[in-house]
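Comments concern the structure below.
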Amino acid sequence: MKDLTSYIVSVDIGTTNVKAVAFDLEGRQKSKRSVRCRVYSPFEGWAEQRADEVLNSVIEAVKSCVKDIDGIVEALAFSSQLYSVAFIDKDGNILSPILNWMDSRSKIEAFELSEAIGGYEIYRRTGCHISPIMPASKILWFRKNNPEMFSRVYKVLSIKDYVLYRLLNVYVMDKILASATALFNIHRGRWDSEIVETIGLDMDKLPEVV
31 MKDLTSYIVS
41 VDIGTTNVKA
51 VAFDLEGRQK
61 SKRSVRCRVY
71 SPFEGWAEQR
81 ADEVLNSVIE
91 AVKSCVKDID
101 GIVEALAFSS
111 QLYSVAFIDK
121 DGNILSPILN
131 WMDSRSKIEA
141 FELSEAIGGY
151 EIYRRTGCHI
161 SPIMPASKIL
171 WFRKNNPEMF
181 SRVYKVLSIK
191 DYVLYRLLNV
201 YVMDKILASA
211 TALFNIHRGR
221 WDSEIVETIG
231 LDMDKLPEVV
């Protein structure tokens, strides 16, 4: 019986497509698939993605990719767009469409956050220039405009974190995504309590940073 070849499948959750690529352990590409994932813009400045469509696109891309390889998938590696936000309730249900990185509805909230703490101070702590695309601004917008729904938020995740939760039942975020939220203190290596409290979010509603 011949030895089976080992593969790593890399998955990228992009703006309009989910891509899955299989590599052998020498880094040679063996298979590649791309599945479209729609972005919805019901109003000017809004950019949303539907959680079920994103998850289904990931599953379809991976399944299609591994059909073309003869071996064992040793690991899945995930990357994704920055600046996305997904709101989850205590039962793991999505509360609203995922806010895509392009979503810029929170212009007023970005200004309010900059005024409350100081634009340079936020940059000094987090490495992020506060703007409408930043998750910090988007979360504040959601709290102000959907108070009842916000009261049911159990975790605030990125688009990738949501997929990992659905696949692995864990709430985690990598340091790269965390450092692109304007909520993560890059000097202390943890969520910045003052900024998090300023947007009206409880610290325990943010995922573990790994």
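Reminder that position 185 of the sequence shown reads as 215 in the working numbering, one-by-one numbering, no gaps.
Quick reminder that beta carbons are idealized off the backbone N, C-alpha and C, glycines included.
These numbers come from a predicted model, not from an experiment.
Member of A77, R63, S87 and E104 whose CA lies at the smallest distance from the CA of Y37:
E104
Please check the pair I118 and L170, which I expect to be a contact at CB under 8 Å, by giving their CB distance rounded to whole angstroms.
The pair is not a contact, with the Cβ atoms about 18 Å apart (cut-off 8 Å).
Endpoints, the alpha helix (DSSP H) within which L197 is located
I189 to L198
Taking 8 Å as the limit between beta carbons, can you name the residues of its chain near A107, skipping five residues before and five after?
I38, V39, S40 and V41
Report the option in R68, V96 and Y201 whose CA atom is closest to the CA atom of Y184.
Y201
Considering only their Cβ atoms, is the gap separating E74 from P127 smaller than 9 Å?
no
State buried or exposed for R220, treating a residue as buried only when at least 16 other CB atoms are found within 10 Å of its CB.
exposed
Compute the distance between the beta-carbons of K190 and S109, then report whether it is under 9 Å.
yes
Using only the alpha-carbon positions, how far apart do S61 and E83 sit?
23 Å
Use the C-beta contact count for Y113: other C-beta atoms within 10 angstroms, 16 or more gives buried, fewer gives exposed.
buried
Check whether the segment 208-218 and the segment 144-156 are in contact - that is, three or more C-beta pairs closer than 8 Å.
yes
Going straight from the alpha carbon of I43 to that of D33, what length do you get?
32 Å
Identify the continuous beta strand (DSSP E) that holds K49 and give its terminal residues.
N47 to D54
I think V48 touches A116, with their Cβ atoms under 8 Å apart; what is that distance to the nearest whole Å?
Not a contact, Cβ separation roughly 15 Å.
By DSSP, does F214 sit in helix, in strand, or in coil?
Correct three-state label for F214: strand.
What three-state label does DSSP hand K168 in the structure shown?
helix
Top-ranked residue by Cα proximity to R173, from E139, Y192, T46 and R196
E139
DSSP three-state assignment for R66, whether helix, strand or coil:
Reduced to three states, the DSSP call for R66 is strand.
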